[in-house]
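4 protein chains.
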Amino acid sequence: MKQIRIGTIGGAGWIGQVHATSMQNVQRIYEEDTGIPVFEIVSDVNEEKLKTVQKKFGYKRYTADWRNLVSDPDVDLVDIATPNSMHYEMARTALENGKHVFCEKPLTLSWEQSEQLSALAQEKGVVNYVAFNNLMNPANQYVKELVQTGKLGKIVRVEGTYDQDMLLDPNIPITWRHINKFAGSGALGDLASHLLSVLQMILGNIREVNGVSSTVIPERPVKTDSCEKARVENEDVIGFMVRYENGAIGTVGASRVATGRKNYFAYEIQGTEGSVVYNLERMCEVNVYFKKDEGRDMGFRNVLLNPYHEGYSAFQPAPGIAIAFNDMKIIEAHTLLSALTRGTDYISNFAFGAKVDAVIAAVLRSVNSRQWEKVYAGK
Amino acid sequence: MKQIRIGTIGGAGWIGQVHATSMQNVQRIYEEDTGIPVFEIVSDVNEEKLKTVQKKFGYKRYTADWRNLVSDPDVDLVDIATPNSMHYEMARTALENGKHVFCEKPLTLSWEQSEQLSALAQEKGVVNYVAFNNLMNPANQYVKELVQTGKLGKIVRVEGTYDQDMLLDPNIPITWRHINKFAGSGALGDLASHLLSVLQMILGNIREVNGVSSTVIPERPVKTDSCEKARVENEDVIGFMVRYENGAIGTVGASRVATGRKNYFAYEIQGTEGSVVYNLERMCEVNVYFKKDEGRDMGFRNVLLNPYHEGYSAFQPAPGIAIAFNDMKIIEAHTLLSALTRGTDYISNFAFGAKVDAVIAAVLRSVNSRQWEKVYAGK
Amino acid sequence: MKQIRIGTIGGAGWIGQVHATSMQNVQRIYEEDTGIPVFEIVSDVNEEKLKTVQKKFGYKRYTADWRNLVSDPDVDLVDIATPNSMHYEMARTALENGKHVFCEKPLTLSWEQSEQLSALAQEKGVVNYVAFNNLMNPANQYVKELVQTGKLGKIVRVEGTYDQDMLLDPNIPITWRHINKFAGSGALGDLASHLLSVLQMILGNIREVNGVSSTVIPERPVKTDSCEKARVENEDVIGFMVRYENGAIGTVGASRVATGRKNYFAYEIQGTEGSVVYNLERMCEVNVYFKKDEGRDMGFRNVLLNPYHEGYSAFQPAPGIAIAFNDMKIIEAHTLLSALTRGTDYISNFAFGAKVDAVIAAVLRSVNSRQWEKVYAGK
Amino acid sequence: MKQIRIGTIGGAGWIGQVHATSMQNVQRIYEEDTGIPVFEIVSDVNEEKLKTVQKKFGYKRYTADWRNLVSDPDVDLVDIATPNSMHYEMARTALENGKHVFCEKPLTLSWEQSEQLSALAQEKGVVNYVAFNNLMNPANQYVKELVQTGKLGKIVRVEGTYDQDMLLDPNIPITWRHINKFAGSGALGDLASHLLSVLQMILGNIREVNGVSSTVIPERPVKTDSCEKARVENEDVIGFMVRYENGAIGTVGASRVATGRKNYFAYEIQGTEGSVVYNLERMCEVNVYFKKDEGRDMGFRNVLLNPYHEGYSAFQPAPGIAIAFNDMKIIEAHTLLSALTRGTDYISNFAFGAKVDAVIAAVLRSVNSRQWEKVYAGK
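Protein chains in written order, with UniProt numbering: chain P, 1 to 379; chain Z, 1 to 379; chain U, 1 to 379; chain G, 1 to 379.
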């Protein structure tokens, strides 16, 4: 079996550890050979935790400086699990060193930079994968299949939202998420981007957008219990209209101060032959309506994920058994390893990431211009 | 007991009969004296059905010409249950004759005309009531109370939709609903207007809007099974952004071709201290979240309508017993009769109707201008 | 049009007024001629309220003594809306006077008495109707059709419950509901009987039952705020196993102290070709699963009541508009009036009521004997 | 770190692999040291798959004969993942060899044998753990906490069901699950046992039971597409009444031919101060009602699993992110490893398993005797 030697940047954080766990689980969940992940080296700004993480996952070495990692000759795949603003430089340097790259979402803070990385990756001929975790969720794969095989007819409308209340409390101190040079945007890039990635996969390109936003808590303590306040630079709430290239229209929103909502990633897609409603808080249920059922017994079907759905049967032998976030990440890791060792195709490449970044950029422009903005304005 | 002599225009249609039934039920449901509705005269374009309806409700007389009705000295209240485009002239003539007026929604096809009617009604000192039926729904009254007593804190966001699939089938022939001079607009005026009336009551004035629309079925048969087609002039789908005077933002949508949706009138209102989610297809359930519940046991409460809620206990003696559309109409009729006989206040006057019409007008302008539009552009 | 002269016993109570309202609404809701209800005479133990009620519904006369009413030559139909223990004598006397009888559920406190009334009614050739209100609910009619046309295959299992928490508070004083000579039983007769009537209509006869019960609050104040307590004689909670003549088995329960449950009348019926799940708190939704849908898109369909369902279209012209308790009562009144004036058939006759009473009796016997009990032990 | 050398019997089957995966994940999910699982040896009747499984999980050796495994001096923990009827002999032999034992549910086919194993394990002073996977589900842990801290008051009623339709198709050939000497019982032991284990943990001992069952598909093909049929020896559907030592009563059911139900493990527990409703198909939601909320805003709270709940935060840093079956198994493996290396306590020991087996035995007796049966009849 082929070995894939992994170097993880930001490997001591929560998501960095999720990546490592997922990759280690691939060979236990899947029957076919997608290679053996070798945990070569890990770096993190939190040097204290590096030793613990090294031991936990069996990394051979660690380093405090990510630059050592990306140029390490014994690394095949660079896994970037750091805050958004650092992705660009790290990914670029890794690509320049000829490494395969697996990068957390969003790819960069600028779609032009994302496209640049995509071009560089293609030039180098390496695997380039953005970790939009919901893409490989069997529920979203099922919806994709419903749409792309025409079972829902011509798609005419989409409604989506991603709401959380994690930042509702005004006493939560300011973090990098609130500062644009680190985060790029607020609820839009942090939350709506997940929804946009799933809709991009299912519905294709958005032509134009027009948005509105608000910052509900305009300043926050500089640290816990401090009286000193710093300005929140980006939006707590976003709402925008979309017009797809395929003619569908709709509205999308997101909030990080949505009282009561914990992880409410939800969408509805309406076509001329059917509709689908999905909500990630009920991850294993997809509600589907078929116009062909019209009559006395018509109604949305509450479809529980089952072995007929792409990606599910690797985990469970029978319908209705819950799969969850960590399983979704294992499917992602499997897709990545398969691409690395068997050359199989994958959706979530840097070109795909750039498309999502371009939508985010257009929404931000529209909020300022109070106009419709083309997604690829410069093209 | 005071008698209210009623003249109904369009009394042979479905909604005209609903009005009559509701008024006849008031004295059976309510204990206090709100007068006796006397069914004086009815008119309708469908002359054949007039006799049946006369007998059914006990109208003393009928006429084919509504002009006779509005000037009849034995009529106190003119009830207008006709298609949208006829409301203005009928209401104006009735007011000029000094009649009280109860008019189906929307009040007129132009907010300026609606305001003109409102001014005229005030000048005449008569009751002027627009039949936005959902306003008196105890669920919406409960939400209003949650918002207006501050239990949800400062409102920061609203999401709403009203979806049906009644016009999904492209073989359904064209009707007045598809022609602007009769309907004014499509899904916006027909469906979203209900949502806008409820949100107007709960959240107050919208400052500006910006919308997008599409016509999914651009032409329809001129009549059943005909090969000849006529152009659909207005939108099947509408989506728009709203900014309230109180600072809340959000998105609202409606579709009359929303495959699978039957009567999906739904909204979510998020405040800094709580949120509420409501869906008319589950009319007797309001989902409410209170930030004060935060901790291990936090979650949206599924509140069933119960005798603590305004308007419910007239119908049912215990919580959780279903009330429905026809009950809502009886509450409306009770509010109207009470205003007529006891001078009590009511929300849904012509000035209120004009506000809803002004929002609709602004959305239509924005769809064309591709710009944000002030709701009261001319002011 | 034929006139039906009505005499109502217990006409000043809540349910007596519901009956009158329903009958008055029939001619407004239905197109065809089912006669004109004439409100001839009303009696009630609450003499003070008699005048109000007379005026409210237009009764010609009132009397404090029900015996005057049942022998009144100007009464065609005796409507009995009194506590359970009085039904037998009132119904018997009315039948002996040759009157048609409409009686609140349960018919009597003893299935032998119920059968006796049924025999007497047949002998007299009069209409004999027990007011099991849920039978004519379009949702239950739809389920009946699903079962009886074989769409669910052979029925193998049933689960049902009817839970309320109305009597949860131990400070609520004792009433006739807690005393067996007045009520016969507790949660069983008061609540489970509704469920049993619906299941009787859908599934037919139960062969044998076996139950368990408990009295959670064994004594209650004799009146509000009193320290004196009286013993509660019957069950707060009941659970029992059922075996139908058709071979289906299952369990049924009810509680009047089910904390949090308001009007939770719910059942699930499983057949070899499909299943159905229903909950009266979501009165207008029926969840149906068809084995024929098996595969990728299988799932329970959330069917909203719509014009395809028996009884719905009299009320609403389009699917998904809520109908409710009071509408269900109007369908009941229409069925009754139609039987009276047009001789049409009806499910809920006294023989039907006797069957439900026989199940209740058998469950009570089984709780004491700790044995399975045949429903018709004496036959 | 302490090493735990594992020998897995039936390690090539689905559940045997789930056990191994779970144990390997413990050290990646949890921070504290609970030892290192060493995969020493695996056995299985499917010899062909042994090599694959050896490689997949890194077992050092494999054997076709489980007797070699249980006596192997290099094995600390014997993991039994074989069909039900083999548990007793394997567990006994392992215990006699002084091994710690982790055994799939149900422990044995006879509660006397289970108690015997429990006594032997205590005598040997070894860890003895039955794999009732739902016990460590954070949702069930949360319900346990609600009940055992008295938040729901005195528990008065329980309703539960576990329904699947996996064996609905009569063409599915007969398997060991249908033969009593292998399976002990049908839906009762296979499905209801899971529910009984969770209720045992939450509510304590059942005093007596009384049940009814049916076999819907009485014979099945001896193998796929065969015309030869064999008799199904045990029940497809079970229903029974329960009386707990704490006074609560209720009904429990299960079906393996419940058309439309996929993995419907659901229960409701009603107490004098609150109630809880749970359904494993919505694994991360617990519906809770508190009597203290009574009034206008009363309603079941839809509580999403969150970091306040025992067991959740090892997996997810924020509320509302889905956890699932495989995560539940990791918590189980963590509890087991912690017991082995740190001597911590655990609920699901053999004495606990024997209690569940005793309930199953009593239900089976009652189905035959048509009587109430004490759970510990022989004591």
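Note that the Cβ used here is the ideal one computed from N, Cα and C, for glycine as well.
Boundaries of the alpha helix (DSSP H) around proline 138 of chain P: 138-148. Residue pairing by DSSP puts glutamate 268 of chain P in a beta bridge opposite P:Glu159 and P:Val277. Close to chain P, meaning a Cβ-Cβ distance shorter than 9 angstroms, are the following residues of the stretch 285-313 of chain U: Glu285, Val286, Asn287, Val288, Tyr289, Phe290, Asp293, Gly295, Arg296, Asp297, Met298, Gly299, Phe300, Arg301, Asn302, Val303, Leu304, Asn306, Tyr308 and His309. Counted as a single uninterrupted DSSP element, the stretch harbouring asparagine 234 of chain G is not any beta strand (DSSP E), since DSSP gives it neither H nor E. Membership of serine 22 of chain P in any beta strand (DSSP E) is not indicated; the residue belongs instead to the alpha helix (DSSP H) covering 14-29. Beta-bridge partners of tyrosine 244 of chain P (DSSP): P:Ile206. Take the alpha-carbon of glutamate 123 of chain U and the one of glutamate 96 of chain U: they are about 10 angstroms apart.
Around the CB of alanine 64 of chain U, fewer than 16 other CB atoms lie within 10 Å, so the residue is classed as exposed.
Put simply, the CB of methionine 283 of chain Z is near chain U, with a gap under 8 angstroms to one of its CB atoms.
Assigned with DSSP and collapsed to three states, glutamate 115 of chain G falls in helix. The beta carbon of glycine 253 of chain Z lies closer than 7 angstroms to those of Thr161, Ile238 and Gly239 in the same chain, with the five residues before and after it left out.
Contact between phenylalanine 325 of chain U and valine 130 of chain U does not hold, since their C-beta atoms are separated by about 17 angstroms, which reaches or exceeds 8 angstroms. Cβ contact annotation for valine 375 of chain G (same chain, cutoff 6 angstroms, sequence separation greater than five): Ile206, Ala358, Val359 and Ala362, in chain order.
Nearest neighbour of alanine 192 of chain P by Cα position, chosen from P:Leu168, P:Tyr267 and P:Asn368, turns out to be P:Tyr267.
For the stretch 324-345 of chain U, the set of residues with a beta-carbon nearer than 8 angstroms to any beta-carbon of chain Z comprises Ala324, Phe325, Asn326 and Asp327, in chain order. DSSP places asparagine 368 of chain U inside the alpha helix (DSSP H), whose first and last residues are 350-369. A straight line joining the alpha-carbon of lysine 292 of chain U with that of valine 367 of chain G spans about 33 angstroms. Bounds of any beta strand (DSSP E) do not take in threonine 93 of chain U; it lies within the alpha helix (DSSP H) bounded by 87-96. Going by DSSP, aspartate 79 of chain Z is part of the beta strand (DSSP E) stretching over 77-80. Counting only Cβ-Cβ distances below 9 angstroms, lysine 56 of chain P has contacts in chain G at Gln27, Arg28 and Glu31, in chain order.
CA-to-CA, the gap between valine 101 of chain P and asparagine 128 of chain P works out to about 5 angstroms. Excluding its 5 nearest sequence neighbours in each direction, threonine 259 of chain G has C-beta neighbours in its own chain below 7 angstroms: Asp165 and Leu168, listed in chain order.
Boundaries of the alpha helix (DSSP H) harbouring leucine 69 of chain G: 66-70, taken from the DSSP string. Using beta-carbon distances, arginine 243 of chain G counts as an interface residue toward chain U, with a partner under 8 angstroms. A direct Cα-Cα distance of roughly 27 angstroms separates alanine 230 of chain Z from isoleucine 15 of chain Z. Between asparagine 68 of chain U and alanine 121 of chain U, the alpha-carbon positions lie close to 20 angstroms from each other.
Annotated as distal: serine 313 of chain U and asparagine 234 of chain U, with beta-carbon spacing of 8 angstroms or more.
Ranked by Cα distance from glycine 311 of chain U, the first of U:Ile6, U:Val26 and U:Gly10 is U:Val26. With a threshold of 8 angstroms between beta carbons, tryptophan 176 of chain Z makes no contact with chain U. If you look at valine 130 of chain G, you'll find it in the beta strand (DSSP E) that goes 128-131. Burial check for alanine 12 of chain U: the Cβ neighbour count within 10 Å reaches 16 or more, so the residue is buried.
Restricting attention to P:Cys103, P:Leu135 and P:Thr21, the CA atom closest to the CA of valine 198 of chain P is found in P:Leu135. Taking 8 angstroms as the threshold, the shortest C-beta distance from alanine 318 of chain P to chain G falls below it.
Between the stretch 82-93 of chain U and the stretch 1-8 of chain U there are fewer than three inter-stretch CB-CB distances shorter than 8 angstroms, so the stretches are not counted as touching. In this structure isoleucine 41 of chain P touches aspartate 72 of chain P by the C-beta definition: roughly 6 angstroms separates them, less than 8 angstroms. When beta bridges are read from the DSSP output, cysteine 103 of chain P appears opposite P:Ile80 and P:Val130.
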